[in-house]
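Visitor:
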Amino acid sequence: MSIRIGHGYDVHKWGSDKPLRLAGVEVPHTIGLLAHSDGDVVLHALTDALLGAVALGDIGQHFPDTDPRYRNADSMQMLQHSAALAQDEGYQLSNADITIVAQAPKMAPHIESMRQAIAQGLGVSISAINVKATTTEKLGFVGREEGIACHCVVLMASLSESAQ
Numbered sequence: 433m434s435i436r437i438g439h440g441y442d443v444h445k446w447g448s449d450k451p452l453r454l455a456g457v458e459v460p461h462t463i464g465l466l467a468h469s470d471g472d473v474v475l476h477a478l479t480d481a482l483l484g485a486v487a488l489g490d491i492g493q494h495f496p497d498t499d500p501r502y503r504n505a506d507s508m509q510m511l512q513h514s515a516a517l518a519q520d521e522g523y524q525l526s527n528a529d530i531t532i533v534a535q536a537p538k539m540a541p542h543i544e545s546m547r548q549a550i551a552q553g554l555g556v557s558i559s560a561i562n563v564k565a566t567t568t569e570k571l572g573f574v575g576r577e578e579g580i581a582c583h584c585v586v587l588m589a590s591l592s593e594s595a596q
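So this is what it looks like as structure tokens:
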């Protein structure tokens, strides 16, 4: 079996009147994230990790913010498309470990819903998806509440010959 590791990172700035969507879940907050798409920083980092693991570039190559087709795009659809591209390359998600970096809002009440939304969107077991969150102790752009960041690491496994 062949395995691949991918890392994704994304950042979005606060300042939109759009609802805050993280990992496909609407999270109540007083302000949204600025973005060409729906601004789901979690799904963007996960999409980048999937694409990176199978050497297919990044989210900007596949869904450029200069393309009007992706204006207010649903990030779950972009993630699903990227997972299909990885599958075309012979790989499937084994697991994902995601860290949301935000001073606010509190993420703990939404973590399980986020895990469920990602697992359902990718058609994998919830046990393959880990989501956690941290603050930066009021340091840096996140600590000053200028934006949110997200890191994601994925392990992709080759599709077994018996499954093909």
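For the sequence shown, our numbering assigns the number 433 to the initial residue and increments by one for each residue that follows. We treat Cβ as the ideally placed atom computed from N, Cα and C, and that holds for glycine.
#1: Which residue's Cα is closest to the Cα of CYS582: THR566, MET433, ILE435 and TYR441?
#2: Assign GLY492 to one of three DSSP states: helix, strand, or coil.
#3: With a threshold of 6 Å on Cβ separation, who are the neighbours of ALA487 within its own chain once the five nearest residues in sequence on each side are excluded?
#4: Counting along the chain, where does the beta strand (DSSP E) carrying THR566 start and finish?
#5: Does the distance from the C-beta atom of LEU482 to that of GLY438 stay below 8 Å?
#6: Between which residues of its own chain and ASN562 is the CB-CB distance below 8 Å, once the five residues before and five after are set aside?
#7: Applying the criterion that 16 or more other CB atoms from any shown protein chain within 10 Å of the CB defines a buried residue, is MET433 buried or exposed?
#8: I'd like the list of long-range same chain contacts for GLN512, defined as Cβ closer than 8 Å, with 5 residues on each side in sequence excluded.
Guide: Checking against the coordinates, here is how it stands:
#1: Residue TYR441 holds the alpha-carbon nearest to the alpha-carbon of CYS582 among THR566, MET433, ILE435 and TYR441.
#2: Of the three classes helix, strand and coil, the one that applies to GLY492 here is helix, per DSSP.
#3: none
#4: 561-566
#5: The answer is yes: Cβ separation under 8 Å.
#6: ASN527, ALA528, ASP529, ILE530 and ARG547
#7: MET433 counts as exposed, since fewer than 16 other C-beta atoms from the protein chains shown sit within 10 angstroms of its C-beta.
#8: Contacts found: GLY553 and LEU554.
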